[in-house]
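Asks:
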Amino acid sequence: MHWSLAHMILDLAQNSIEAGSSLVELSVAARGSIWHVDIRDNGCGMDDAQKAAALDPFYTEPGKHPGRRVGLGLPFLLQTVEQADGGYSLHSEKGRGTRLSFFLDSAHVDSPPLGDLAELFVDLMCYQGDYELVIQRSCAPAASADGEGQRQEEEAVRSYELSRSELEETLGEIALVENRLLARELLLDWEESLRGV
Numbered sequence: 001m002h003w004s005l006a007h008m009i010l011d012l013a014q015n016s017i018e019a020g021s022s023l024v025e026l027s028v029a030a031r032g033s034i035w036h037v038d039i040r041d042n043g044c045g046m047d048d049a050q051k052a053a054a055l056d057p058f059y060t061e062p063g064k065h066p067g068r069r070v071g072l073g074l075p076f077l078l079q080t081v082e083q084a085d086g087g088y089s090l091h092s093e094k095g096r097g098t099r100l101s102f103f104l105d106s107a108h109v110d111s112p113p114l115g116d117l118a119e120l121f122v123d124l125m126c127y128q129g130d131y132e133l134v135i136q137r138s139c140a141p142a143a144s145a146d147g148e149g150q151r152q153e154e155e156a157v158r159s160y161e162l163s164r165s166e167l168e169e170t171l172g173e174i175a176l177v178e179n180r181l182l183a184r185e186l187l188l189d190w191e192e193s194l195r196g197v
């Protein structure tokens, strides 16, 4: 179903957009080989029963995927995180929104490939609807075991932040092919500079 971490993030962030959120915040951070992902929204949120159902692979929200009887987004993520010695947290409040955070070690043999983050970010900005998407992306070297060099490590952190409204203000409608290509080119450049390529 999902062959990369980027595909998993796309599926999970799409849930936030479809939950009627006016604001979705996505943070993707790497420190060495450890990846941390945080997705927050101010959508409809879930009560305890809905959270339990969302973690069940044999449940899908009625009407969300006609003809499909399973919902694999969260269960698939949990399995992946578990296999790659990672962890997750899911906090949600009905009427207030949801926050999903997870981490995993990309160097673990069972960790999926990263995938195309630039394409992921552009895809998320192209969904129809009136929502703001704020992307925070950062990359840093692995922390030193002895704690020395912390200042150098902090200085080595590279990051960027981008919002959907900012990009639309600059390019116009992002879903238009030429604007989509320009947005992807921009994000590819930022990703390369983040990794020091």
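The opening residue of the sequence shown carries number 1 in the UniProt record's numbering; numbering runs sequentially from there.
We treat Cβ as the ideally placed atom computed from N, Cα and C, and that holds for glycine.
In this text, all values refer to a predicted model and were calculated from it rather than measured experimentally.
1) Let me know if residue 22 comes out buried or exposed under the rule of 16 or more other beta-carbons within 10 Å of its beta-carbon.
2) Using only the alpha-carbon positions, how far apart do residue 101 and residue 137 sit?
3) If residue 110 and residue 128 are in contact, beta carbons under 8 Å, what's the gap, nearest whole angstrom?
4) Classify residue 178 as buried or exposed, calling it buried when 16 or more other Cβ atoms lie within 10 Å of its own Cβ.
5) So what does DSSP say about residue 193, is it helix, strand or coil?
6) Which partner residues of residue 89 appear in the DSSP bridge assignment?
7) Please tell me whether residue 81 and residue 114 are closer than 8 Å, where the distance is taken between their beta carbons.
8) Can you give the Cα-Cα distance for residue 52 and residue 34, rounded to whole angstroms?
9) If distances are taken between C-alpha atoms only, which option among 42, 37, 5 comes closest to residue 18?
10) Are residue 122 and residue 184 touching if we call contact CB-CB under 8 Å?
11) Determine, using beta carbons only, whether residue 117 and residue 6 come nearer to each other than 8 Å.
12) Can you tell me the Cα-Cα spacing of residue 97 and residue 26, whole angstroms?
13) What is the rounded straight-line gap between the Cα of residue 161 and the Cα of residue 50?
14) Could you tell me the alpha carbon to alpha carbon distance between residue 215 and residue 44, rounded to whole angstroms?
Replies: In this structure, then:
1) Residue 22 comes out exposed.
2) Approximately 14 Å between the Cα atoms of the pair.
3) About 36 Å separates the two Cβ atoms, so there is no contact after all.
4) Here residue 178 is exposed: its Cβ has fewer than 16 other Cβ atoms, across all protein chains shown, within 10 Å.
5) In the displayed model, residue 193 falls within a helix according to three-state DSSP.
6) DSSP, once it has assigned bridges, lists 101 as partnering residue 89.
7) Not in contact: residue 81 and residue 114 (Cβ atoms no closer than 8 Å).
8) One C-alpha to the other measures close to 27 Å.
9) For residue 18, the nearest C-alpha among the options comes from 42.
10) Yes; because the gap between Cβ atoms is below 8 Å, this pair is in contact.
11) Result yes, Cβ atoms of residue 117 and residue 6 sit closer than 8 Å.
12) If you take the alpha carbons of residue 97 and residue 26, they lie about 14 Å apart.
13) If I take the Cα positions, the gap works out to 32 Å.
14) Since the first residue shown for the chain is 1 and the last is 197, residue 215 is missing from the structure and cannot be characterised.
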